[in-house]
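Heads up: the structure comes next, in structure tokens.
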């Protein structure tokens, strides 16, 4: 019987998760770049992004997670800027913040994003640029 090395098993599992996350990142970038025009975020004409909500609740608050037109998973922060007093309109500033995700988190979010973008491509007849 061979000796079982728990540390080696953990290292191999971590390496496999990292490799899988990288492969999913490549696929996500490919699918996102094929989707032109890229969908707008909640009907906004100034923001191109698709919200990604995996089927579980994250242990930490990541904010509004979106995939951008380049296939990056980001947190979207929208800040309203009040207009001149008495004016009904307000401007907004949108910022995409990079997410620091573990391989496990990235795999879940990237998988959900790939499914969403692939559904949109199929809805459009499978055509992309």
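Residue numbers (our numbering): 2 to 130.
C-beta: ideal position from N, C-alpha, C; glycine also.
Out of the options, which has the shortest C-alpha to C-alpha gap to residue i?
{"i": "residue 118", "options": "17, 98 and 53", "result": "53"}
Measure the C-alpha to C-alpha separation of residue i and residue j and round it to an integer number of angstroms.
{"i": "residue 74", "j": "residue 110", "result": "8 Å"}
{"i": "residue 15", "j": "residue 56", "result": "23 Å"}
{"i": "residue 9", "j": "residue 18", "result": "14 Å"}
{"i": "residue 105", "j": "residue 22", "result": "8 Å"}
{"i": "residue 42", "j": "residue 71", "result": "14 Å"}
{"i": "residue 33", "j": "residue 122", "result": "9 Å"}
{"i": "residue 114", "j": "residue 13", "result": "26 Å"}
{"i": "residue 38", "j": "residue 60", "result": "33 Å"}
For my contact list, residue i and residue j are in at a C-beta cut-off of 8 Å; report their separation, rounded to the angstrom.
{"i": "residue 102", "j": "residue 76", "result": "Contact flag wrong, Cβ pair sits at about 10 Å."}
{"i": "residue 95", "j": "residue 79", "result": "5 Å"}
{"i": "residue 82", "j": "residue 92", "result": "5 Å"}
Taking the alpha helix (DSSP H) that residue i falls in, what are its first and last residues?
{"i": "residue 68", "result": "Premise fails: residue 68 lies in the beta strand (DSSP E), 65-68, not in any alpha helix (DSSP H)."}
{"i": "residue 26", "result": "7-35"}
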